[in-house]
Amino acid sequence: MDDDEPRGYRGARRDEADGHDDDYDDDYDEYDTNAGSGRFFGLTALSTLLPGAGLIPTRRRGFGLVLLGGAVLLVSLALFYAWRKGVVVAALDLAVRPRVLVMLLVATTVGAALWCAGIILTARETSPGGPGRGWRALFAAVCCLLVVAPAANAVRYLSIQHDVVNVLTGGNSDADEATANAWADQPRVNVLLLGSDAGDDRIGVRTDSMMVASIDTKTGDTVLFSLPRNLERVPIPSGNPLSKLYPNGYDCGDECLLNGIWTLATDHADLFPGNDNPGLTSTRDVIGEILGLEIDRALVVNLRGFQALVNAMGGVDINVKERVCVSCKLVNGRIVFTGGQERWIELGPQHLDGYHALWYARSRAGSDDFSRMRRQRCVTGAIIDQADPVQLLRNYPKLAEVVKDNLTVDIPTSELPAWAELIGTVQDTGSIRSLPITNKVVRVTRPDFDKIRTLVKDAINPPPATAAPSTAAPSPSRTPSNSGSGSNTPSPSEPTDEVQDLGATC
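With the working numbering, you'll find the sequence shown wraps up at 506, consecutive numbering, no jumps.
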């Protein structure tokens, strides 16, 4: 039969026998490609969700099992640690250990690289070849990006946190050798909290707000003591070199105020050989002497740091009970607005950003130091109550840069893990009460320091409540009197400066 003669039944049968049915081959190739593409996309996506899981059905099964097993082990350890300590305390505990931060940084980098290697290897092992190779490569690249992007962000946060811890603690890295319970023999720890008015346009440091937090290390119950900046005749303990200049206390009239101790010590730094911060040392010594407490640690934040903290929180909600001017000062008894525009923080519920919260806490125009102390307690309570860890984490890089330059602490890194756990106890089970030392408590020009120490002692160790008698005569009804004797009970609008829960301050 000639080559160009039409093929008959036998020719067709011969082609079928030889496997040359063209339509059948095309259908089979299309089915094989589609099935291979589905396998590629499915297993590559699986390796993106679970490291190495997509390699298990391939010839690279061993490597896939190693990746998956390592990931499961690490996640299990992290979950156990968080369950044992609590999520917040566990995160804080890790965040203050410099060596652990370095280990986490390296582990995150290596882990992300191995995870991406698993994705790429899965893509290579399962790619069917043929048309669509470019799209499959793009899909694998996107999968790697989904892993690399959050890992890179985590590395950035870890690096920032490591720098912050080193800057705040002077670069010591002994937190990893911290004792299991730093407070085993210490029932209370007292922390000095100072707000400094230091800034780019200010010379020197003046302590604008002064508080001491006395914390029960077992229960987390905390008492905040706030002191007026204009307290006079403050005692200087004999162990402080300034006592040589003022053996009977810092007494020279209204020029010698409590908030001037920092500058006084700085101006006489020669009396403090080997001390890098005589201002902080002396302020801590004097406030401890006033309250009758031993100040264990101190934290100082300046104006810019406070403003950045509130902004990082997304602002604070304040129930404003006193109308306060913004960007203002008192000149000859009149309020003058330095910004050229009259602005006020009005009465009622207000949401304040960092700038306005700072003015609300600091403004004295048309007010006095004691009203400002009450507002500072209000802002402190709002920050403690409303701080959102998620919001702070979102703005952490910007906040951390500000913190490094505007926050001073004298807490060694060896204590930081214990502090992280103590903060968790305060937030979880502790109560926070406050006692302001205002003009309703003492006379600031001639304070009774024995009375202050008694008030502090009673606030920390309140006497047991006296049980009410089981039977009591009904109290007589009270009628208005014209005798002129006033009631000892303050009116609802009159602020009370007694020990009370911080939440009731505003």
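Where is the CB? At the ideal position from N, CA and C, for every residue including glycine. This one's a predicted model, so the numbers in the text were calculated from it and none came from an experiment.
{"Item": "Simplified DSSP assignment, three categories, for S431", "Value": "coil"}
{"Item": "Residues sharing a beta bridge with N319, DSSP", "Value": "P349"}
{"Item": "Those residues which DSSP pairs with L280 across a bridge", "Value": "Partner(s): none; L280 has no beta bridge."}
{"Item": "Inter-stretch contact (C-beta, 8 Å, three-pair minimum) for the stretch 112–124 and the stretch 53–71", "Value": "yes"}
{"Item": "Nearest-angstrom Cα separation, counted from Y360 out to L293", "Value": "30 Å"}
{"Item": "Helix, strand or coil at L245 according to DSSP, with G and I counted as helix", "Value": "coil"}
{"Item": "Same chain, Cβ closer than 7 Å to G339, neighbours up to 5 away in sequence not counted", "Value": "S327"}
{"Item": "Neighbour-count burial assignment, D21, 16 or more Cβ in a 10 Å radius", "Value": "Interpretation of D21 is limited by its pLDDT of 49, a score under 50 that renders its predicted location unreliable; the figure taken from the coordinates is listed afterwards. So D21 ends up on the exposed side."}
{"Item": "Any 3 or more C-beta pairs closer than 8 Å across the stretch 364–376 and the stretch 311–328", "Value": "yes"}
{"Item": "Length-filtered (4 minimum) alpha helix (DSSP H) runs lying within the stretch 358–387", "Value": "369–386"}
{"Item": "Own chain residues within Cβ distance below 6 Å of L224, not counting five before or after", "Value": "M211, A213 and S434"}
{"Item": "C-beta contact flag for L416 and V189 at 8 Å", "Value": "no"}
{"Item": "Three-state secondary structure assigned by DSSP to K451", "Value": "helix"}
{"Item": "Local Cβ density within 10 Å of P462, reported as buried at 16 or more and exposed below that", "Value": "exposed"}
{"Item": "Neighbourhood of D27 by C-beta distance below 7 Å, restricted to the same chain and skipping five residues each side", "Value": "Annotation note: pLDDT 44 at D27 (below 50); position unreliable, no value reported."}
{"Item": "CA nearest to the CA of R124, picked from A137, A387, A112 and G132", "Value": "A137"}
{"Item": "Entirely enclosed alpha helix (DSSP H) segments - the stretch 69–153, minimum 4 residues", "Value": "87–95 and 98–126"}
{"Item": "Cα-Cα separation between T48 and G132, rounded to whole angstroms", "Value": "20 Å"}
{"Item": "Per-residue DSSP class, three states only, for P235", "Value": "coil"}
{"Item": "Test item: CB-CB of T283 and T380 under 8 Å", "Value": "no"}
{"Item": "Inter-residue Cα distance where the pair is A467 and D221", "Value": "The pLDDT assigned to A467 is 49, lower than 50, so where the model puts this residue is not dependable, and the model offers no usable value."}
{"Item": "Residue from T445, Y81, G62 and T58 whose Cα sits closest to the Cα of E255", "Value": "T445"}
{"Item": "Contact set for L231: own chain, Cβ-Cβ below 7 Å, skip 5 residues either direction", "Value": "L257, L258, V444 and P447"}
{"Item": "Chain-order list of residues whose beta-carbon lies under 8 Å from that of I335 (same chain, five-residue window excluded)", "Value": "C325, C328, K329, A365 and G366"}
{"Item": "Expected contact under 8 Å - CB spacing of L194 and I437 to nearest Å", "Value": "L194 to I437, Cβ: 15 Å. No contact."}
{"Item": "Spatial neighbours of A269 in its chain, beta-carbon cut-off 7 Å, leaving aside the 5 residues before and after", "Value": "P278"}
{"Item": "Length at least 4, wholly inside the stretch 255–305: the alpha helix (DSSP H) runs in chain order", "Value": "261–267 and 278–291"}
{"Item": "V444 - DSSP class collapsed to helix/strand/coil", "Value": "coil"}
{"Item": "G195 - DSSP class collapsed to helix/strand/coil", "Value": "strand"}
{"Item": "Alpha-carbon to alpha-carbon, T429 and F337", "Value": "44 Å"}
{"Item": "Rounded separation between V409 and L264 - CA only", "Value": "20 Å"}
{"Item": "Cβ-based neighbour list, N311, same chain, cut-off 7 Å, excluding 5 preceding and 5 following", "Value": "D353 and G354"}
{"Item": "G134 versus G42 - alpha carbon distance", "Value": "17 Å"}
{"Item": "Residue range of the alpha helix (DSSP H) that includes A400", "Value": "Y396 to N406"}
{"Item": "Where the beta strand (DSSP E) through K329 begins and ends", "Value": "C328 to V331"}
{"Item": "Nonlocal neighbours in the same chain, by C-beta distance under 8 Å from H162, ignoring five residues either side", "Value": "P98, L101, V102 and L105"}
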